[in-house]
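Okay, structure first, notes after.
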Amino acid sequence: MDKRQRVILYGDTLVLAGIRASLVVNPAFEVIDLDASQVTRQGVLALNPDTIIFDIHTVQPHFPSNLIQHWAGLLIGINPDNNQVFLWTGHPMSALSVQDLVTVIQQHRSLSETNTKNE
Numbered sequence: 002m003d004k005r006q007r008v009i010l011y012g013d014t015l016v017l018a019g020i021r022a023s024l025v026v027n028p029a030f031e032v033i034d035l036d037a038s039q040v041t042r043q044g045v046l047a048l049n050p051d052t053i054i055f056d057i058h059t060v061q062p063h064f065p066s067n068l069i070q071h072w073a074g075l076l077i078g079i080n081p082d083n084n085q086v087f088l089w090t091g092h093p094m095s096a097l098s099v100q101d102l103v104t105v106i107q108q109h110r111s112l113s114e115t116n117t118k119n120e
């Protein structure tokens, strides 16, 4: 069996609570809630996440770009005001569902595994 993917959640909106509730029952994922004291690049990287899902209103504007420069995982920003999801590549998804997120996470993992095999 493949290793479970570690997903970090940061934010306290109902949208993130719903995402958490859906992901924790999926055996493919280990879900960890990030506490405000860990919201530093070092704090996040120490948790060794595969994916970070966060409410875009909970972090400082520079945090995602600073993190992505030092980490090759998947960063997903969620705007609960309008249910937009942003991959940290800047491409928005217009629909928000947990299945959409699961698909993105799994596709990213497949791409990462392919890139690792080709190195």
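For the sequence shown, the working numbering gives the first residue as 2, with consecutive numbering after it. All C-beta atoms, glycine included, are put in the ideal place defined by N, C-alpha and C. No experiment lies behind these values; they were computed from the predicted model shown.
Practice problem: My understanding is that arginine 7 touches alanine 29, with C-beta atoms under 8 Å, so please give their C-beta distance in whole angstroms. | Solution: Counting from 1 along the sequence shown, the entry for residue 7 is found at position 6. Counting from 1 along the sequence shown, the entry for residue 29 is found at position 28. So it is not a contact: roughly 11 Å between Cβ atoms.
Quiz prompt | Assigned secondary structure, glycine 12 (DSSP; H/G/I helix, E/B strand, else coil) | solution = Numbered from its first residue, the sequence shown carries residue 12 at position 11. Reduced to three states, the DSSP call for glycine 12 is coil.
Quiz item: From the DSSP output, which residues share a beta bridge with threonine 52?
Solution: To locate residue 52, count along the sequence shown from 1; it is residue 51. Note: threonine 52 sits in a beta bridge opposite Val8 and Leu75.
Quiz item: Which residues does DSSP pair with asparagine 67 in a beta bridge?
Solution: Position 66 of the sequence shown, counted from the start, is the residue given in the question as residue 67. DSSP lists no bridge partner for asparagine 67.
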